[in-house]
Amino acid sequence: MGGKMELEQPVVIETSEAATKVKPANDHSKNMPSSPSASTWFHVSSRLCHGSESFRNLEMGVPKVNSYEKKLSWLRSQIIGGDAEFESPFGTRKLTYADNTASGRCLHYIENFIINNVLPFYGNTHTCDSYVGQRTTKMVHEASNYIKRCMGGGEDDAILFCGSGTTAAIKKLQEVMGITVPSIMRDKVIKCLSNEERWVVFVGPYEHHSNLLSWRQSLAEVVEIGLNEDGLIDIEALKQQLELFKYRNRPLLGTFSACSNVTGIQSHTREIAKLMHQYGGFVCFDFAASGPYVAMDMKSGEIDGCDGMFLGPHKFIGGPGSPGILLMSKALYQLGNSPPSTCGGGTVEYVNGFDEK
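Using the UniProt record's numbering, the first residue of the sequence shown is number 1, and each one after it goes up by one.
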């Protein structure tokens, strides 16, 4: 298929001077269950999807109001299960969801957008020989580029969608760094590594399991930094540990939670990043707990920027079902000309009976 593909435009139906209703050209919403306040769709602010052609054209359906209270009220009305009830030992009770730190909840308008505008044209993203494959591939690329910009990534960074949540994102980083092997092989491989080849990985005192156990089971030497009297990562203790490894010519990586998912205390990420870079190391931050609530800016290439960010978008409202996100500096990619960490569809140019590339 030649030439630049333009996505099919939605049909816009005028409802008033102040608002419009946006429906896909092949709308099947009449066959779907209705949702609270989801019948009226409004033009989205161009800032929401700036630079993302597909999503801007398709109009995501955010109300055009200035009041934060009205916006939040509308958002709450969109929560799937927001009015759900269940039978308890004390009779029928309204469901109160209080576990957003573990996972967010789905939103009607996002699910409707997917049903009406994505799924009817869904195709394999490894296939560009069909309209649906090309369209879906383009939407994935636009989404990844948009997320990358939102997180402050630059040309020297790569963004990867990784399986299930932050756990998969951290695992993918370890794979492309070349420091993870099957557990049955770990001890044998470590014996074959020289000190100069083996990474030193610094972790904090309040890492969630994905950012602690997986590093312990990697080929790296793991050094845990304790708490200071304020309940934060002890910067002075980190500096002392970096001094110990300063002249040993070993690759250094700090990987820390940006926020404790137990106490809610936020780490001093800029100060930690600056210190790691001053000692020639890399630094990554796990935003699993704080991602939905704080501004994230990688500040790629800057002294107080970071070299990697992990994110579990399922913890955002509207995020369930989304993959983990790894935004990383390309300098952390250590596989060189070796085969990719995961071989298969989308990673190969050709395969014959004797070779592949």
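Every residue, glycine too, gets a C-beta built ideally from N, C-alpha and C.
Need the endpoints of the alpha helix (DSSP H) that residue i sits in, please.
{"i": "T92", "result": "No alpha helix (DSSP H) contains T92, which is instead part of the beta strand (DSSP E) from G91 to K94."}
{"i": "S77", "result": "Y68 to S77"}
{"i": "G324", "result": "Here G324 belongs to no alpha helix (DSSP H); instead the beta strand (DSSP E) covers G324 to S329."}
{"i": "M139", "result": "Y131 to C150"}
{"i": "residue 370", "result": "Nothing about residue 370 can be reported from this structure: the residues present for the chain run from 1 to 357 only."}
Out of the options, which has the shortest C-alpha to C-alpha gap to residue i?
{"i": "I317", "options": "G104, S218 and C343", "result": "G104"}
{"i": "K172", "options": "K239, P340, F354 and S267", "result": "P340"}
{"i": "L253", "options": "K148, L332, F86 and C343", "result": "L332"}
{"i": "D156", "options": "Q240, M328 and L335", "result": "M328"}
{"i": "R248", "options": "L213, G281, R93 and T125", "result": "G281"}
{"i": "T127", "options": "A169, G319, E356 and T347", "result": "T347"}
{"i": "Q217", "options": "I184, R93 and T342", "result": "I184"}
{"i": "P323", "options": "K70, N100, Y350 and S164", "result": "S164"}
{"i": "G291", "options": "G82, L335 and T101", "result": "T101"}
{"i": "T342", "options": "A168, G301, G91 and S73", "result": "A168"}
{"i": "M298", "options": "G344, E197 and T269", "result": "T269"}
{"i": "G321", "options": "M296, T92, E111 and V132", "result": "E111"}
{"i": "Q334", "options": "Q174, F354 and G82", "result": "Q174"}
{"i": "T263", "options": "E356, M296, G319 and Y206", "result": "Y206"}
{"i": "Y109", "options": "R149, G319 and G204", "result": "G319"}
{"i": "H141", "options": "S338, V132, Y97 and T125", "result": "T125"}
{"i": "S338", "options": "A237, L193, V203 and K357", "result": "K357"}
{"i": "A98", "options": "G82, G91, F90 and F113", "result": "G82"}
{"i": "V203", "options": "R149, A84 and L238", "result": "L238"}
Taking Cβ to Cβ, would you say residue i is nearer than 8 Å to residue j?
{"i": "V176", "j": "V189", "result": "no"}
{"i": "L232", "j": "I179", "result": "no"}
{"i": "L275", "j": "I235", "result": "yes"}
{"i": "M139", "j": "M309", "result": "no"}
{"i": "S267", "j": "A258", "result": "yes"}
{"i": "I115", "j": "I325", "result": "no"}
{"i": "T255", "j": "V294", "result": "no"}
{"i": "H209", "j": "N261", "result": "no"}
{"i": "T166", "j": "G312", "result": "yes"}
{"i": "A220", "j": "K330", "result": "no"}
{"i": "E222", "j": "Q241", "result": "According to the sequence provided, residue 222 is Val. The question's Glu does not apply to it. In this structure, Q241 does not lie closer than 8 Å to V222 by Cβ."}
{"i": "K246", "j": "A288", "result": "no"}
{"i": "L136", "j": "G153", "result": "Per the sequence shown, residue 136 should be read as Thr rather than Leu. No; because the gap between Cβ atoms is not below 8 Å, this pair is not in contact."}
On the premise that residue j lies in contact with residue i, defined as a C-beta separation below 8 Å, what is that separation, rounded to the nearest angstrom?
{"i": "W199", "j": "P251", "result": "5 Å"}
{"i": "S144", "j": "F161", "result": "7 Å"}
{"i": "residue 359", "j": "Q134", "result": "Here the chain covers residues 1 to 357 and nothing more, so residue 359 does not appear."}
{"i": "L75", "j": "F86", "result": "That pair is no contact at about 23 Å."}
{"i": "D286", "j": "N211", "result": "5 Å"}
On the DSSP letters alone, give me the boundaries of the beta strand (DSSP E) that residue i sits inside.
{"i": "H341", "result": "It is worth fixing the name first, because residue 341 is Ser in this sequence and not His. Taken as a continuous stretch (DSSP letters only), S341 belongs to no beta strand (DSSP E), as it is neither H nor E."}
{"i": "A158", "result": "D157 to C162"}
{"i": "E85", "result": "E85 to S88"}
{"i": "D286", "result": "F282 to D286"}
Compare the C-beta of residue i against all C-beta atoms of chain C and say whether one is closer than 8 Å.
{"i": "G345", "result": "Of the protein chains in this structure there is only one, and it is not chain C."}
3 or more residues per run - each beta strand (DSSP E) lying fully within the segment 175-261 = 200-203, 221-224 and 252-257
Whole beta strand (DSSP E) runs in the segment 291-323 with 3 or more residues, listed along the chain?
-> 308-311
What residue ranges within the segment 101-135 form continuous alpha helix (DSSP H) runs of no fewer than 4 residues, ordered along the chain?
-> Qualifying alpha helix (DSSP H) stretches, in chain order: 108-113.
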